[in-house]
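*Asks:* Numbering (the numbering used here), first residue to last: 3 to 118. For every residue, glycine included, the Cβ atom is placed at its ideal position computed from N, Cα and C. This is the structure I want to talk about, given as structure tokens.
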């Protein structure tokens, strides 16, 4: 599928999209690992479903050959997403932290990793 039409967005549209993303984050919906996993899976599908469009765009914009785009952009992107999916639970686990000596008695400290 080829298209010679470029679609531009106004500053207002870009700011609105950014604010929507901020509000979504502030709502707390991004905290559960199930949500994050789903987002990563959707990102993988986006790259996979739009491979031809990405190849075409990089050829037009940067004069990249198809093989350069596939090997230098698409394969690494999908590998990074797969790596994140594979390690998501491990990366999100709480870590025990050794408190200062005066605070050690009867105290367990944890470092909780959450999106910021």
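(1) What whole-angstrom Cβ distance do residue 118 and residue 97 have, given they're in contact under 8 Å?
(2) When the Cα of residue 101 is compared with those of 93, 111, 39 and 95, which residue comes out closest?
(3) Should the stretch 61 to 70 be called in touch with the stretch 82 to 91, which here means at least 3 C-beta pairs below 8 Å?
(4) Confirm, please, whether the CB-CB distance from residue 42 to residue 86 is below 8 Å.
(5) Using a Cβ-Cβ cutoff of less than 7 Å, which residues in the same chain neighbour residue 31 once the five nearest sequence positions on both sides are dropped?
(6) Only counting the same chain, and skipping five residues up and downstream in sequence, which positions put a Cβ closer than 7 Å to that of residue 46?
*Replies:* Per the coordinate set shown:
(1) For the purposes of this step, residue 118 is identified with residue 116 of the chain shown, where counting begins at 1. For the purposes of this step, residue 97 is identified with residue 95 of the chain shown, where counting begins at 1. That belief does not hold up - the Cβ atoms of residue 118 and residue 97 are roughly 16 Å apart, past 8 Å.
(2) As a first step, residue 101 must be located in the chain shown, where it is residue number 99. Nearest of 93, 111, 39 and 95 to residue 101, Cα basis: 111.
(3) no
(4) On the chain shown, position 84 is the one that residue 86 refers to. On the chain shown, position 40 is the one that residue 42 refers to. Yes. Within cutoff.
(5) Residue mapping note: residue 31 aligns to position 29 of the chain shown, counting from 1. So the qualifying residues of the chain are 37.
(6) By one-based count along the chain shown, residue 46 stands at place 44. Excluding residues within five positions, the ones whose Cβ falls inside 7 Å are 80 and 83.
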